[in-house]
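Novice: Numbering (UniProt numbering), first residue to last: 1 to 275.
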Amino acid sequence: MLLLVLPASAQRKYNKNITGPLDIATVRITGGYFDLGNDEEAPDRKPGHTVKLNDFLMSTYEIKQEQWECVMEANPSHHQPCAECPVTNVSWNEVQEFITKLNELTGKKYRLPTEAEWEYAARGGSFERLVKPSRPNRGGVNEFLVAERNRNTRTPEKQKTGDRYAGRKAGPQSIAWYETNSDGYVHPVGRKQPNDAGLYDMSGNAEEWCSDWYATSYGSRDTVENPQGPAGGKSKVVRGGSIESTAHETAVTRRAAYVPTTKARSLGFRLVLDK
Numbered sequence: 001m002l003l004l005v006l007p008a009s010a011q012r013k014y015n016k017n018i019t020g021p022l023d024i025a026t027v028r029i030t031g032g033y034f035d036l037g038n039d040e041e042a043p044d045r046k047p048g049h050t051v052k053l054n055d056f057l058m059s060t061y062e063i064k065q066e067q068w069e070c071v072m073e074a075n076p077s078h079h080q081p082c083a084e085c086p087v088t089n090v091s092w093n094e095v096q097e098f099i100t101k102l103n104e105l106t107g108k109k110y111r112l113p114t115e116a117e118w119e120y121a122a123r124g125g126s127f128e129r130l131v132k133p134s135r136p137n138r139g140g141v142n143e144f145l146v147a148e149r150n151r152n153t154r155t156p157e158k159q160k161t162g163d164r165y166a167g168r169k170a171g172p173q174s175i176a177w178y179e180t181n182s183d184g185y186v187h188p189v190g191r192k193q194p195n196d197a198g199l200y201d202m203s204g205n206a207e208e209w210c211s212d213w214y215a216t217s218y219g220s221r222d223t224v225e226n227p228q229g230p231a232g233g234k235s236k237v238v239r240g241g242s243i244e245s246t247a248h249e250t251a252v253t254r255r256a257a258y259v260p261t262t263k264a265r266s267l268g269f270r271l272v273l274d275k
């Protein structure tokens, strides 16, 4: 707790050891191919197309209030105090300021995930396998490990019923804080089950900022490698459901568009760490 009241100069000296709140847990997501989007859902999720991603490290949890306060010396969250809850009520612009300061303090290279990285990680990362189609540039069918039966058993997504939630076959109740079970406020991170990649709260608790500018569609069915989104725009992509979302809105393909100055009591973020 002493760390939270230290002056900035003392923080910089202390955090060279990368301990305390700034020791951000990460999960290695092994890169690969997957289908981004869904042709049977909302227009901005079309067309489904194949994406290739490199390996990356993603924070195991949403960035917490104590982590934000350690860097920014303030806590803007609507639901506080709750050190272990996700920080919320932060704009995309403010997140960029946080990342700049965090990187200075730690000597690391954190950033927001692209929405392709976010969806791939939410689906389970390397626990998902793409079944290539017979025709090129038509996307494929995502096959998922069925963890509750046999780790070597995979089931095509097209044979499943209902929405897909953060790499789990079941509905969101066991993995997400959302409209039905949140009581209208965020909860400490990591209290629900993780997805198959070992990430928590991808389908609920706080919505999460991504780095990409928002476009109303994915534009092309061509395979894309490490997509970064449009070169510019008016709004940034937000992914994942929140404490205010219906079950349908916690699906891993759900997209939202918020201008970079937007703040909301259910809007937070997680980070990717570049090596």
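The C-beta atom is built at its ideal place from N, Cα and C for all residues, glycine as well.
Do Arg270 and Glu207 have their beta-carbon atoms positioned less than 8 Å apart in this structure?
Specialist: For this step, residue 207 is matched to residue 207 along the sequence shown. For this step, residue 270 is matched to residue 270 along the sequence shown. It is not a contact, given that the beta carbons lie outside the stated cut-off.
Novice: I need the boundaries of the alpha helix (DSSP H) containing Ile99, first residue and last residue.
Specialist: Working through the sequence shown from its first residue, we reach residue 99 at position 99. Note, Ile99: alpha helix (DSSP H), Trp92 to Thr106.
Novice: How big is the Cα-Cα spacing for Leu273 and Val237?
Specialist: As a first step, residue 273 is located in the sequence shown; it is residue number 273 there, counting from the start. As a first step, residue 237 is located in the sequence shown; it is residue number 237 there, counting from the start. Answer to the nearest angstrom: the Cα atoms are 19 Å apart.
Novice: Can you give the Cα-Cα distance for Glu41 and Gly229, rounded to whole angstroms?
Specialist: What you label residue 41 is simply residue 41 of the sequence shown in a count that begins at 1. What you label residue 229 is simply residue 229 of the sequence shown in a count that begins at 1. Going from the Cα of Glu41 to the Cα of Gly229 covers about 20 Å.
Novice: Does DSSP put Trp209 in a helix, a strand or coil?
Specialist: In the sequence shown, residue 209 corresponds to position 209, counting from 1. Taken through DSSP and simplified to helix, strand or coil, Trp209 comes out as strand.
Novice: Would you grab the beta carbon distance between Ile243 and Ser266 for me? Rounded to a whole angstrom, and I think it's under 8 Å.
Specialist: Mapped onto the sequence shown, residue 243 falls at position 243. Mapped onto the sequence shown, residue 266 falls at position 266. Rounded, the Cβ-Cβ distance is 5 Å, consistent with contact.
Novice: How is Ser59 classed by DSSP in three states: helix, strand or coil?
Specialist: In the sequence shown, the residue the question calls residue 59 occupies position 59. Of the three classes helix, strand and coil, the one that applies to Ser59 here is strand, per DSSP.
Novice: I need the DSSP call for Leu271, collapsed to helix, strand or coil.
Specialist: The count along the sequence shown starts at 1 and reaches residue 271 at position 271. Here Leu271 sits in coil by DSSP.
Novice: Helix, strand or coil: which one does DSSP assign to Ala116?
Specialist: Within the sequence shown, numbered from 1, the residue matching residue 116 stands at position 116. Note: Ala116 maps to helix in three-state DSSP.
Novice: If you compare alpha carbons, which of Gly48, His49 and Tyr33 is closest to Asp55?
Specialist: Along the sequence shown, read from residue 1 onward, the residue named residue 55 stands at position 55. Comparing alpha-carbon positions, the option among Gly48, His49 and Tyr33 lying closest to Asp55 turns out to be Tyr33.
Novice: Would you mind stating whether Arg221 and Pro47 have Cβ atoms separated by less than 8 Å?
Specialist: Along the sequence shown, one-based indexing puts residue 221 at 221. Along the sequence shown, one-based indexing puts residue 47 at 47. With contacts defined as CB atoms closer than 8 Å, Arg221 and Pro47 qualify as a contacting pair.
Novice: Relative to the alpha-carbon of Glu115, which residue among Pro227, Tyr185, Ser235 and Gly204 has its alpha-carbon at the smallest distance?
Specialist: Residue 115 sits at position 115 when you count from the first residue of the sequence shown. The option with the nearest alpha carbon to Glu115 is Pro227.
Novice: Looking only at its chain, what residues have a beta carbon closer than 7 Å to the beta carbon of Gly125, apart from the 5 residues adjacent to it on each side?
Specialist: Residue numbering aside, residue 125 sits at position 125 when the sequence shown is read from its first letter. Taken in chain order, the residues that qualify are Ile29, Thr30 and Ala197.
Novice: Less than 8 Å between the beta carbons of Ala83 and Lys64, yes or no?
Specialist: Walking along the sequence shown from the start, residue 83 turns up at place 83. Walking along the sequence shown from the start, residue 64 turns up at place 64. The answer is yes: Cβ separation under 8 Å.
Novice: The beta strand (DSSP E) that contains Val238, what's its start and end?
Specialist: Taking the sequence shown and counting its residues from 1, one reaches residue 238 at position 238. Looking at the DSSP string, the run of the beta strand (DSSP E) that includes Val238 is Lys236 to Arg239.
Novice: DSSP puts Thr50 in a beta bridge; with which residues?
Specialist: For the purposes of this step, residue 50 is taken as the residue at position 50 of the sequence shown. Beta-bridge pairing links Thr50 to Asp35.
Novice: Which term fits Ala256, buried or exposed, when burial requires 16 or more other beta carbons within 10 angstroms of its beta carbon?
Specialist: One-based indexing of the sequence shown puts residue 256 at position 256. It is buried - the Cβ of Ala256 has at least 16 other Cβ atoms within 10 Å.
Novice: According to the Cβ coordinates, are Ile24 and Ser59 closer than 8 Å?
Specialist: Counting from 1 along the sequence shown, the entry for residue 24 is found at position 24. Counting from 1 along the sequence shown, the entry for residue 59 is found at position 59. Going by C-beta atoms, Ile24 is nearer than 8 Å to Ser59.
Novice: Going by DSSP, what residues sit across from Arg255 in a beta bridge?
Specialist: Residue mapping note: residue 255 aligns to position 255 of the sequence shown, counting from 1. Arg239.
Novice: What does Thr30 pair with, by DSSP beta-bridge criteria?
Specialist: Locating residue 30 in the sequence shown gives position 30, where the first residue counts as 1. According to DSSP, Thr30 bridges with nothing at all.
Novice: Considering only C-alpha positions, which residue in the set His187, Leu112 and Gly268 is nearest to Asp212?
Specialist: Locating residue 212 in the sequence shown gives position 212, counting from the first residue. The shortest C-alpha separation from Asp212 is found at Leu112.
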